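Trainee: There's a structure below that I have some questions on.
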Amino acid sequence: MYADLAERVSATVIGRYSTSFSLATRLLPDGVREDVRNLYAVVRIADEIVDGAAAGHADLRAVLDAYEAQVLAAPEKGFHTDLVLHAWAATSVRCRIDPSHMRDFFASMRSDIVRDVHDEESLARYIHGSAEVIGLMCLDIFLAHADPVPAAQRAWLAEGAAALGAAFQKVNFLRDLGDDRDELGRCYLPDLQDGPLTAEIRDRVLDEVDAGIAAGRLRVPSLPAGCRVGVAAAAALYEELSARLRRTPPHQLRHTRVRVPAPVKAALTVREITRGRR
C-alpha cells in the first residue's frame, strides 16, 4: 500500500507540472510509466528548490545540497518517509540508474544558483546535467524493462537519448526567454549577452533542436516496442514547438511563451499512435 501511494504521489507531480510529458508517459507500458514518473518527480522538486517554492529561502545552496544527499542515499535506504524519495529509491534500484547522472543533474541545478550567464563551455555542461542525463536515465528505465541489448547498441541509443534531451532543453531556453531574463536574471544563450535575440540566433538554435530531435527519432524503432510511441509523441510535441518558435518574431519571444494548443497535442499524439501500429 505504501509503495502504491508513493507511485501515486509521483504521478500527481508530473500531471500537475507538465501536460506534455504527462501525455507522453501515458503511452508507456505500466512499469515503465511509473518509473519515468518517479524520475520526473525527483527532478521537478530539485527545480522547485532552485526556481520555485523555495526561491525565497535564505540558503538555497544548502537546501539543494541536502536534497541531493537524500536522493543519492535513497536507493540504499529503501524505505523513506518522503513518498517521492521512496518511489525514486525503488526505481533507481530496479532500473540500475547510474548515480553519476543524478550528480551531474544536481551540478547543473547548483549552477542556476551561482551563475547568471554562460559561455559555450559552461552551457554544454549545463545542458548535459539538466537535460542529456535525463534522457540517459529514461533510457536506463526503458531498457531495464526489456531484454538485454549489446553494449554497442546501448551506446548508440544513449547518443539519441542525450540528443533528444538537449533538444528539448534548447526549446525551453527559447520558450522561457522572458522569464529567465526578467524574473530569474539568467541568460543561458551566450549569443544574447551582447544583444537581443535575432532571427539568425533563433534559427541557429532551432536548427540544433531539429537535428537533435532527428537523432532521437532515428533511434525510436530500436527502442523496446512498448516505449516507442511515448518517445515519438514527446518528439512530435517538441517538433511542433520548434516550428512555432521559428514562426514567431524574435522580439515577441521575450514576452510570449509559445505553446501547443491541446487539440494539436491530441492530434499529434494520435498520429504517433497510428504510425506506431503500422
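Residue numbers (my numbering): 18 to 295. For each residue, glycine too, the CB sits at the ideal point set by N, CA and C. Everything numeric in this text was worked out from a predicted model, so none of it was measured.
Can you list, in chain order, the residues of its chain whose CB lies under 8 Å from that of residue 267, leaving out five sequence neighbours each side?
Mentor: Only 213, 214, 215, 216, 218, 219 meet the Cβ criterion.
Trainee: Going straight from the alpha carbon of residue 126 to that of residue 68, what length do you get?
Mentor: Near 9 Å, if we compare the C-alpha coordinates of residue 68 and residue 126.
Trainee: I'd like the list of long-range same chain contacts for residue 93, defined as Cβ closer than 6 Å, with 5 residues on each side in sequence excluded.
Mentor: None.
Trainee: Got a sec, what are the start and stop residues for the alpha helix (DSSP H) residue 237 sits in?
Mentor: Note, residue 237: premise wrong, no alpha helix (DSSP H); not H, not E.
Trainee: For residue 153, count neighbouring C-beta atoms within 10 Å of its own C-beta (all shown protein chains included) and say buried if the count is 16 or more, exposed if not.
Mentor: By the 10 Å Cβ count, residue 153 comes out buried.
Trainee: List the whole-angstrom C-beta distance separating residue 322 from residue 258, where the pair is believed to meet the contact cut-off of C-beta under 8 Å.
Mentor: This structure does not reach residue 322, given that the chain is present from 18 up to 295, and the question cannot be answered.
Trainee: Under 8 Å, do residue 282 and residue 37 count as touching if we go by C-beta distance?
Mentor: Yes, these two residues count as a Cβ contact at 8 Å.
Trainee: Name the two residues that bound the continuous alpha helix (DSSP H) containing residue 252.
Mentor: 245–264 is the extent of the alpha helix (DSSP H) around residue 252.
Trainee: Quick one: any contact between the segment 87–101 and the segment 278–294, if contact means 3 or more CB pairs under 8 Å?
Mentor: Because the criterion of three Cβ pairs below 8 Å is not met, the segment 87–101 and the segment 278–294 do not touch.
Trainee: By alpha-carbon positions, which one of 291, 230, 264, 56 ends up nearest to residue 159?
Mentor: Nearest C-alpha to residue 159: 56.
Trainee: Skipping 5 residues on each side, what residues in its chain have a beta carbon closer than 7 Å to that of residue 32?
Mentor: Cβ neighbours of residue 32 beyond the five flanking positions: 39.
Trainee: Among all the DSSP beta bridges, which residues are the ones paired with residue 134?
Mentor: Paired residues: 204.
Trainee: Would you mind reading off the limits of the alpha helix (DSSP H) that contains residue 159?
Mentor: Counting along the chain, the alpha helix (DSSP H) containing residue 159 begins and ends at 150–161.
Trainee: Just reading off the alpha helix (DSSP H) that residue 267 is part of, what are its end residues?
Mentor: 267–270 is the extent of the alpha helix (DSSP H) around residue 267.
Trainee: Between residue 156 and residue 134, what straight-line distance do the alpha-carbon atoms span, to the nearest angstrom?
Mentor: If you take the alpha carbons of residue 156 and residue 134, they lie about 30 Å apart.
Trainee: Need the endpoints of the alpha helix (DSSP H) that residue 92 sits in, please.
Mentor: Looking at the DSSP string, the run of the alpha helix (DSSP H) that includes residue 92 is 77–94.
Trainee: State yes or no: is the C-beta of residue 101 within less than 8 Å of the C-beta of residue 30?
Mentor: The answer is yes: Cβ separation under 8 Å.
Trainee: Helix, strand or coil: which one does DSSP assign to residue 46?
Mentor: Coil at residue 46, not helix or strand.
Trainee: Do the CB positions of residue 297 and residue 272 come within less than 8 Å of each other?
Mentor: A question about residue 297 goes unanswered here, because the residues of the chain that appear run from 18 up to 295.
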